[in-house]
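Everything in the sequence shown is counted per our numbering, starting at 12 for the first residue and increasing by one. The C-beta atom is built at its ideal place from N, Cα and C for all residues, glycine as well. These figures come from a predicted structure and were not determined experimentally. One structure is given below, encoded as structure tokens.
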Amino acid sequence: MQYNAIRSLAQLNWSQSTGWKVFRWVLWLAVVAYCVFRWQTGFSEEVERHIHAIAQSSSLRGLLLAVLCLMPLNWYLETLRWRTLLKEQQLETQVAWRGVWMGLVLGLWLPRLLGDYLGRVGELPSDKRKVGVAQAFLGQATLMSSTLAAGIFGVVLYVGGGLLVALVGVVLALFLIPFCVWLSLTYMPHRVKRYYPTATKLTLSPRRFAQIQGLAHLRYGVFMFQYFLLLQLFLPELPPYIILGGITWVYLAKSITPFLHVFGDLGVRELSALLFFDTWGVSAVTVMAPTLLLWALNVMVPAAFGGILWMKFRSKSS
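Structure below.
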């Protein structure tokens, strides 16, 4: 059955070195301990009153509702992107939805992109899985292009560059980085194509690639808007462009950080947010609270629904 391979792969020891596994856990625990320390020491009567006022305000309820309403849009864009990647395979909408959900669930428990690949490919018919792996790689490449390009905005602000320099950098990067990705896939070495024939499926026309990259930009934009809504409520004293810079910085950091533990980027988000917003002297609590809240909404909620699907289809396949 289609999930037998997933079960087998999930049971593998992905990190053969015990020393490396210990190092990852020690590093993650150190990150979490530092975040907890900053949370505890960041509390003051003023911060506590601010958090309490936000918790009791109708603004928080309205923003939480808006963030929750954006979640289905996020899933829809990712499903549409997955179907577009597999356009020739004429993937049914239901299968695409299921693949995206399963990718979310397995992505919590398997290293970085492996869970996403297995979840999506496991839902495909056996004769389409090789193509599915190639297209899943392409999908991640386009999403990473969006993350890297937007991340330039936050990096420039963090190192002290001006707003104009940051804007020019991100606009150029939004076009140049995807263009370089397309060139590298289109003109990949013949040796790669000879030994990995499936890699030829990564070669797309400029129009098709632009469509997939555009959907990746849109999905990244939804993520940014969700985070921006929450951060602006907790950090009203900061200019909007600083908040946007912090968001792009956080997403860049979590995307390029190696997989440390079964909870994905938990701790990495918070630490990177602290590093960025410390420059502007804001409270650690008001930075981490919306960051943790968004993580719970965007990761744990869909993963819970996906877990129900996993159990359902696991029982069918057994």
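Whether residue i touches residue j by CB criterion (8 Å)
i      : j      : result
Phe239 : Leu255 : yes
Gly126 : Gly114 : yes
Ile62  : Val296 : yes
Leu308 : Val78  : yes
Ala161 : Tyr231 : yes
Ser342 : Met155 : Residue 342 cannot be examined here, being either before or after the span of the chain that is shown, 12 to 329.
Glu281 : Leu303 : yes
Trp50  : Phe316 : no
When the options are compared against residue i, the one with the closest alpha-carbon
i      : options                        : result
Val142 : Trp93, Ser157, Gly114          : Trp93
Val132 : Leu187, Arg49, Val106, Glu56   : Val106
Thr153 : Ser70, Leu76, Phe236, Gln222   : Gln222
Glu99  : Asn309, Thr302, Leu215, Thr290 : Leu215
Ala44  : Val279, Thr290, Trp291, Phe316 : Val279
Phe220 : Phe186, Pro251, Ile253, Pro250 : Phe186
Gly165 : Gly30, Thr290, Leu38           : Thr290
Val298 : Phe288, Tyr128, Phe148         : Phe288
Tyr198 : Trp112, Glu57, Trp108, Pro217  : Pro217
Phe148 : Glu134, Ile163, Leu129         : Leu129
Cys46  : Phe316, Leu285, Trp306         : Leu285
Leu226 : Tyr87, Trp50, Gln67, Trp36     : Tyr87
Leu81  : Glu103, Arg49, Phe236, Leu194  : Phe236
Arg330 : Val167, Val170, Thr268         : Here the chain covers residues 12 to 329 and nothing more, so residue 330 does not appear.
Leu196 : Leu303, Val182, Leu38, Gln146  : Gln146
Pro136 : Val312, Gln224, Leu97, Leu76   : Leu97
Pro251 : Lys32, Gln51, Leu174, Gly180   : Leu174
Val170 : Arg72, Arg60, Trp260           : Trp260
Trp306 : Phe190, Leu119, Thr104         : Leu119
Asp138 : Leu121, Leu76, Leu102, Glu57   : Leu102
Integer Cβ distance of residue i from residue j, believed to fall under 8 Å
i      : j      : result
Val293 : Leu246 : 6 Å
Gln151 : Leu124 : 6 Å
Ile188 : Leu159 : 6 Å
Leu244 : Leu40  : The pair is not a contact, with the Cβ atoms about 30 Å apart (cut-off 8 Å).
Leu168 : Ile253 : 7 Å
Pro301 : Leu241 : 4 Å
Ile163 : Val181 : 5 Å
Trp108 : Thr90  : 5 Å
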